[in-house]
Every structure is written in structure tokens, then in C-alpha cells.
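Trainee:
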Amino acid sequence: MTEINPKFEIIICSLLIILSVIVIYFSLDIPESDYEPLGSAALPISLSIIMIIFSILIMSNSLIKLRKERGGKFQEINYKPKYLNAVGVFLSTIIFISILENKILHFLPTCIIYLILVCFMIDPKKEKLPWFISFSVILSFISFYVFTKFFYVDLT
Amino acid sequence: MENLINSLLYLTNFWPFFLLFFGVTLGILVGSIPGLTTTMLITLTLPLTFFMDSVNAITLLIGMYVGGISGSQIAAILLRMPGTPASIMTTFDGYPMAQKGLAARALGIGITSSFIGGIVSWIFLAVLSPPLAKLALTFGPWEYFTMVLMALVMLSSLTEGSMTKALMAACFGMMVHLPGIDPSLGQLRLTFGFEALESGIGLMPVLIGAFAINQIFKDIIEIEKIPKKVIIKKSKFLIKLDDLKKHYINFLRSSIIGTWIGLLPGIGANIAAMISYSITKNVSKTPEKFGTGHEPGVVAAETANNASIGGALIPLITMGIPGSLVEAILIGALIIHNLEPGPLLFTNNPEIAYGVISAYLIGNIIMFGILIFSVFHIAKLLFVPRVYLLSLILLFCIIGVYAVSNNFFDVWVMMFFGIIGFLMEKFKMPLGPFVIGFVLSPIAEIQLRSGLMASEGSLAPMFLRPFAVTFLIITFLSLLWPVYLKLKKQNNTNK
Chain A
457 MTEINPKFEI IICSLLIILS VIVIYFSLDI PESDYEPLGS AALPISLSII
507 MIIFSILIMS NSLIKLRKER GGKFQEINYK PKYLNAVGVF LSTIIFISIL
557 ENKILHFLPT CIIYLILVCF MIDPKKEKLP WFISFSVILS FISFYVFTKF
607 FYVDLT
Chain B
180 MENLINSLLY LTNFWPFFLL FFGVTLGILV GSIPGLTTTM LITLTLPLTF
230 FMDSVNAITL LIGMYVGGIS GSQIAAILLR MPGTPASIMT TFDGYPMAQK
280 GLAARALGIG ITSSFIGGIV SWIFLAVLSP PLAKLALTFG PWEYFTMVLM
330 ALVMLSSLTE GSMTKALMAA CFGMMVHLPG IDPSLGQLRL TFGFEALESG
380 IGLMPVLIGA FAINQIFKDI IEIEKIPKKV IIKKSKFLIK LDDLKKHYIN
430 FLRSSIIGTW IGLLPGIGAN IAAMISYSIT KNVSKTPEKF GTGHEPGVVA
480 AETANNASIG GALIPLITMG IPGSLVEAIL IGALIIHNLE PGPLLFTNNP
530 EIAYGVISAY LIGNIIMFGI LIFSVFHIAK LLFVPRVYLL SLILLFCIIG
580 VYAVSNNFFD VWVMMFFGII GFLMEKFKMP LGPFVIGFVL SPIAEIQLRS
630 GLMASEGSLA PMFLRPFAVT FLIITFLSLL WPVYLKLKKQ NNTNK
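Sequence order for the protein chains is A and B. Quick note on our numbering: the first sequence kicks off at 457 and runs consecutively. Quick note on our numbering: the second sequence kicks off at 180 and runs consecutively.
Written out as C-alpha cells, the structure reads:
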């Protein structure tokens, strides 16, 4: 089983504490109810407090771990992770959704280009490009037809 | 009895049988594709049923419901992407089994469990519905609140890894559900000035983001780690009598749990599967095997989620109370056809009440037949190169989430929760309690606040009502369970 880097744990816990504080801050603005004992702010505040307690608990454990295992190796992996490919697919997806939302291009050409890009980024082999193009064209047309004709989804 | 037999005979006619068959098939196909849900299918079919005979319409919808819940196990087992929330627990052991080359076995077990769960809950539906519904209706807000608490704590305590992180995940899930309209007072809260948050954060984008999008990006990162081929041994697919003997207690227990949980309004197939899985793990002699590709885990989850449909149909046809979103849509279908859901349905429109009961039975038989004969074709999904499958699922997730509300905000929410899910898994914060916390948050809040309003702010009724106090004791024991296990392990090591 791989260990988590304590620094990563501390960062995540800090983010959760910040989120909880924000929730508490905004919950304090919620007006109290005259006839209901709990009110709308009770659950957000209670949950945030629990989150802060748990985050502090984990953070303190991580700090102890960090002191004990300074300079240690925490993540052992036996494959080559493709982080850049994933980031590429993620960014393409963001651009694809933005184009569709702002109606810059029609669904079909956008989808074809997007799918070719995604396929190529997942498996970057030039010899497979004709397959990716064929797949993207067929899938785009099928998706467009099925979703617009059978499910009445607006994909213009 | 006569009404039931007449209803069953009616369904053997061409049109009703064809519609049921079509509904189950479509349900399986849609349920098996992550991003497309049974709820979406039934919602989109609802306007079409307006032109149909009432019995045929309800038959078609019941078929879709049964097919959708059963079909969702395919993606859960083969891709670790539950087609619907009902199969979240199936991923825990089904996917590891597929990874070990036991995909056919996992599917065989899952299909048989779904069928058995469906049949057992049908018996409850047909025979015991009135008394069971009466008992469940005696539950007040304190029982519901303590039951939700019990569900969350049980799930967190039995999840692999740190219990603190599991409880944190459950709290985080509950927090995510907070923005929008407060369910009790109707006032806005935590919208941070965003208009889009006023209607809250939907389950679908959160679920698809945390499970599917996260999984897609994890698969892309680990594309070299993913096995290229999974060996599917057909000989292990069909379940033998020995297997039935081996799992019979689990089948029976999970069916009863599923039916019972389904019966309770607001708690659906996902919770039924979760509670059944937790209890099965709890009573098992080898709890450490759960989550690593252990057959009883698949049996417990799949039996209970299908059984919960039968249970959920009981208050629907006897009281007109929806157990979940799908049942609420089914009530909408009855209203469209000028029918009054509730106790009067048995008196005024027995063909509808018994039509639901019969369609559920025959739908389960059809589902079993279709899956037994076609699952190997669907299992070929694993042999499709990952690049095509991942692109296809990614596209279906985007269009599927957009299709539910025709709103791009949900698509952005899905992408956001894809990142959150990815980070949570890196942090070893389990996704199960997060999603369950998200689903149960409104129920817990509404019930707690209703209870406090009724008792004028006193918590005493929670400790005085027998069911509520029982649930609280189980919650407390669940909290102590990991501590007990740890002490036991330490003692064994010392020896």
C-alpha cells in the first residue's frame, strides 16, 4: 500500500479548514428563525466545526509523520504516469464545453475535433490517427442523432 | 389473488409483453452507460406514455426501472463506474474481481443476485405489502434521522482506511448539498452570490464527476498500468446450485434488507446496497477480503439494490408515497393518466395496482434472461481499446449531464467534482461516504428539524422511541467497531 505524502495531506486539510471557515462566515449571515429551534445555519456551522476538528487531527498526524520521515520516499509506482496527457484531455474538455456553451461552433465539428484530440492525447501514435478520425466522425454523428432525435437534447 | 392472476395473464399479451421487454432492454442499455441514468430515461419517456393505455404505460416504466438498476452493475463491475447510484457498492468488489480476470463470474453473481433480490422482494410486494407499509409509516422524524446517522457512521466505520477520513468525507458530502434553498424554511443559504447555486448542486453532476470523470482521468494517467485484456471464463459465469447454497443466507438477508430499506421513503437502492454490504461485511468471518474482489460483497450489493425496488413499490401503490426520485416520477405517470395514487388504487383501479406488481415480477424474469444471454456481448466493452472507451464515456458524461437539465452549469459542476474526486482519492478519502453524505444530507436535516419542531427543541424523543434508540445503539457500536478491531489486532500481534 502506498503512503500519502504528509505535505499533500497538510495542504488538503488546510484547504478544508479554509472552506469550513468560509462556510461558517457565510452561515452567520443567515437570518435566524422565530419559530424553528435549529434554523438554516445550524447544519452548515456544525458540519464545518466537525470538518475543522477532523482536519486538525489529520494535520497533526501528518506533521508528526513529516518530522519522523523527513526526506523519505512516500509514493512507489511501477508505471509511468501520464499526467501531461490527462492535463491535455482536461483542458480540451474545458475548451469543448466552453465552445458548446457559448455556441461558437456547431456541435458536430466541435465534437469531431475534440474527440480526435482526446484520442490522440490518450494514445499519441501517428499511425492510429486514421482510426481516431473515423471513430470521432462516427461517434459524433451517432451521438448527435440519438440525443437530438430520441432524447430531445438541444445540441446546436 | 384473482386480480393478480388476471394481471399476470394480461402481461402475456403481445403489446404489454413487448413494452415490458422493450423497457427492460432500454433500461439495461441506458443503466449500463455511465452518464445516462434510469431517472433520465424514465423522465424522457414519461411524455410518450401519455398516448398509451395506463397499464401499458406503467408496465413500460417499471420495465425501465428494473432494467436500469440491474444494468448499472455492468459498468460498475467492468469499469468501476456505476451506471446509477444503486451500484456504487458493486464497484467495491465487482471491479477488483474483473481486474483479477473474474469479470464473467462477477457479472454472473451480480445478475443472479439481482434476479433473486427482485423475486424475493416481489413476494414481499405481493403478499406482505399492507402490514409492512403500515409499520414503516409509524416511523417519525427521529427514526429517519437516527437511521441516516446510522447509515453514515456504519459506512464510514466499515470503509477501508482511516475512519476519520471516511467521516470527513461524509461531512464534506453533506456540506456540498447545503447551497441552495433551505429545505425547511425555504430561504436561500450559502449561494455566495451565484444565481446558479440557488437551485442547489444536483446529484447527477456530483456523482458522475466524482466517480466517472475522476476514473477517466485516473485511467488516462495510469493508461500503462491498465491491463489490456481481461480473461472472461465463460465456464464460471453460470451460477451453480453449490453457489446458491454457499450464498443463500446472504441472498436472503440482503433481499430482506433491500426490501425493508426500499420500503422507507426517501432511502433508495444505493442505501439499501450500502447497508446490506456493511452488514454482510460485519458478520463475515473474513471482513478483510471485502473490497478486494470478494463474491459476498457483490451478492450483498446487487441483491439489495434490486430488492429495494420491490420494497419501494409497496408505499407507492398502497400509500402513494414515493421512495425515491424514480418512484416520484412513477407517481407523476399515474397522475398524467388521471389515476389517484394511494390506498384507493387497489379499490378503484386494481388493474394498475396489480399491473405494477405483475410487471415487476415479469420484468425481473425478462431482465435475468436478457442479461444471461447478452452480458458477454456487453462484457466486450473491456476488449475495446481504452482510448475509444474513455473518449466515448467522456463524451456521454458531458452530454448525459447536460441532457438532464439542458444546463451547462451542471457540466461545469461535474468537471469540478471530477477534480475533487481525484484529489479525494489521492488523499485516501473514500468517495462512498462522500456521495452517501451528499444524498442523505437533506433527509437528515429535514427529519432532525421536523423532530425538533415537534418536540419544541428537545432531543429527548430520540432516546425514548424504540426504533430510534435501536438505530442510535447500532450507530454507537459502529463507531466502536474499528477501535475493537484495532485492539483485537494488537492483542493478536502481542501474542
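No residue lacks a Cβ here, since even glycine has one placed at the ideal position from N, Cα and C. Here the structure is a predicted model, which means the values were calculated and not measured.
Please list the partners that B:Val355 has in chain A, where partner means a Cβ-to-Cβ separation under 8 Å.
Mentor: Simply none; closest approach about 10 Å.
Trainee: Would B:Lys407 count as contacting chain A if we go by Cβ distances under 9 Å?
Mentor: Only weak support exists for where B:Lys407 lies, its pLDDT of 47 falling under 50; the coordinates are left without a value.
Trainee: Do you know how far the Cα of B:Thr291 is from the Cα of B:Ile551?
Mentor: Each residue's alpha carbon lies about 9 Å from the other.
Trainee: At the 9 Å Cβ level, is B:Trp591 part of the contact set with chain A, yes or no?
Mentor: So yes, B:Trp591 belongs to the interface.
Trainee: Note down the Cα distance separating A:Phe482 from B:Phe371, rounded to an integer number of angstroms.
Mentor: Approximately 8 Å, taken between the alpha carbons.
Trainee: Hey, which unbroken runs of the beta strand (DSSP E) at 3 residues or more fall wholly within the stretch 413-441 of chain B?
Mentor: For the stretch 413-441 of chain B, not a single whole beta strand (DSSP E) run of length 3 or above is found.
Trainee: According to a CB-to-CB cut-off of less than 8 Å, which residues of the stretch 563-588 of chain B neighbour chain A?
Mentor: So the close ones are Pro564, Arg565, Val566, Tyr567, Leu569, Ser570, Leu571, Leu573, Leu574, Phe575, Ile577, Ile578, Tyr581, Ala582, Asn585, Phe587.
Trainee: Using a Cβ cut-off of 9 Å (strictly closer), state whether A:Pro586 contacts chain B.
Mentor: No, A:Pro586 lies away from the interface with chain B (no Cβ there is under 9 Å from its Cβ).
Trainee: Check whether the stretch 508-519 of chain A and the stretch 473-489 of chain A are in contact - that is, three or more C-beta pairs closer than 8 Å.
Mentor: Result yes; three or more Cβ-Cβ pairs closer than 8 Å.
Trainee: Rounded to whole angstroms, what's the CA-CA distance from B:Phe617 to A:Lys582? Just pull it up for me.
Mentor: Their backbone Cα atoms lie some 44 Å apart in a straight line.
Trainee: Buried or exposed for B:Ser251, going by 16 or more other Cβ atoms inside 10 Å?
Mentor: Burial call: buried.
Trainee: Against A:Lys536, what residues of chain B qualify as contacts under a CB-to-CB distance less than 7 Å, listed in chain order?
Mentor: Neighbours of A:Lys536 on chain B, chain order: Glu403.
Trainee: Mind listing the chain B neighbours of A:Ile550? Cutoff is C-beta to C-beta under 8 Å, in chain order.
Mentor: Per Cβ cutoff of 8 Å: Met594.
Trainee: Just verifying my parser: in three-state terms, what is the DSSP assignment at B:Arg284?
Mentor: If DSSP states are grouped into helix, strand and coil, B:Arg284 belongs with the helices.
Trainee: With a CB to CB cut of under 7 Å and the five nearest residues on each side skipped, what residues in its chain are close to B:Asn182?
Mentor: Answer for B:Asn182: Pro529, Tyr533, listed in chain order.
Trainee: Using the C-alpha atoms, what's the distance from A:Leu540 back to A:Gln531?
Mentor: With a pLDDT of only 49 at A:Gln531, under 50, the local geometry of the prediction cannot be trusted, and the value read off the model is given with reservation. If you take the alpha carbons of A:Gln531 and A:Leu540, they lie about 18 Å apart.
Trainee: Which bits of chain B does A:Leu513 rub up against, with CB to CB less than 7 Å?
Mentor: Here the neighbours are Thr343.
Trainee: Determine the contact status of B:Pro564 and B:Lys344, defining contact as a CB-CB distance below 9 Å.
Mentor: Contact flag unset, no.
Trainee: Can you tell which of B:Val477, B:Pro466, B:Leu574, B:Leu199 has its C-alpha closest to the C-alpha of B:Thr228?
Mentor: Ranking B:Val477, B:Pro466, B:Leu574, B:Leu199 by Cα distance to B:Thr228 puts B:Leu199 first.
Trainee: Determine the direct distance from the alpha carbon of A:Lys605 to that of B:Cys350, and round the result to whole angstroms.
Mentor: Going from the Cα of B:Cys350 to the Cα of A:Lys605 covers about 41 Å.
Trainee: Tell me, please, which residues DSSP counts as bridged to B:Arg368.
Mentor: BP columns for B:Arg368 point to B:Gly359.
Trainee: Hey, B:Leu357 and A:Leu522: beta-carbon distance below 9 Å or not?
Mentor: Going by C-beta atoms, B:Leu357 is not nearer than 9 Å to A:Leu522.
Trainee: Would a check of beta-carbon distances place B:Lys279 closer than 9 Å to chain A?
Mentor: False, the Cβ-Cβ gap to chain A never drops below 9 Å.
Trainee: When the cut-off is 9 Å and only beta carbons count, does A:Tyr601 lie next to chain B?
Mentor: It does not: the Cβ of A:Tyr601 has no partner Cβ on chain B nearer than 9 Å.
Trainee: In this structure, does DSSP put B:Glu605 in helix, strand or coil?
Mentor: A small correction: the amino acid at residue 605 of chain B is Lys; Glu does not occupy that position in the sequence shown. DSSP places B:Lys605 in helix when its eight states are reduced to three.
Trainee: Count the C-beta pairs between the stretch 419-426 of chain B and the stretch 463-472 of chain B that are closer than 8 Å, then say yes if the count reaches three, no if not.
Mentor: The stretch 419-426 of chain B is not in contact with the stretch 463-472 of chain B.
Trainee: Taking 9 Å as the CB-CB cut-off, is B:Leu286 touching chain A?
Mentor: Cβ-Cβ to chain A under 9 Å: no for B:Leu286.
Trainee: At what residues does the alpha helix (DSSP H) containing B:Ala448 begin and finish?
Mentor: Where B:Ala448 is concerned, the enclosing alpha helix (DSSP H) stretches over 448-462.
Trainee: Leaving out the 5 sequence neighbours to the left and right, which residues in its chain are closer than 7 Å to A:Val545 when beta-carbon positions are compared?
Mentor: Cβ neighbours of A:Val545 beyond the five flanking positions: Val574, Met577, Ile578.
Trainee: For the stretch 423-431 of chain B against the stretch 477-490 of chain B, do three or more pairs of beta-carbon atoms, one drawn from each stretch, fall closer than 8 Å, so that the two count as touching?
Mentor: Counting Cβ pairs under 8 Å, three or more are found: they touch.
Trainee: On a CA-only basis, which of B:Asn393, B:Val462, B:Leu495, B:Leu239 is nearest B:Asn543? Give me that one, please.
Mentor: Comparing Cα-Cα distances from B:Asn543 to each of B:Asn393, B:Val462, B:Leu495, B:Leu239, the minimum goes to B:Leu239.
Trainee: CB-CB under 7 Å to A:Ile589, same chain, minus the five flanking residues each way: which ones, in chain order?
Mentor: The answer, listed in chain order, is Ile572.
Trainee: Listing by chain order, which chain B residues have their CB less than 9 Å from the CB of A:Ile468?
Mentor: Result: Leu602, Met603, Lys605, Phe606, Met608.
Trainee: Listing by chain order, which chain B residues have their CB less than 7 Å from the CB of A:Asp579?
Mentor: Under the 7 Å cutoff, chain B gives Val566.
Trainee: Which of the residues in the stretch 360-392 of chain B, read from start to end, lie with their CB under 8 Å from any CB of chain A?
Mentor: Taking 8 Å as the Cβ-Cβ cut-off against chain A, the residues of the stretch 360-392 of chain B that qualify are Asp361, Ser363, Leu364, Gln366, Arg368, Leu369, Phe371.
Trainee: Helix, strand or coil: which one does DSSP assign to B:Arg259?
Mentor: In this structure, B:Arg259 counts as coil in the three-state DSSP scheme.
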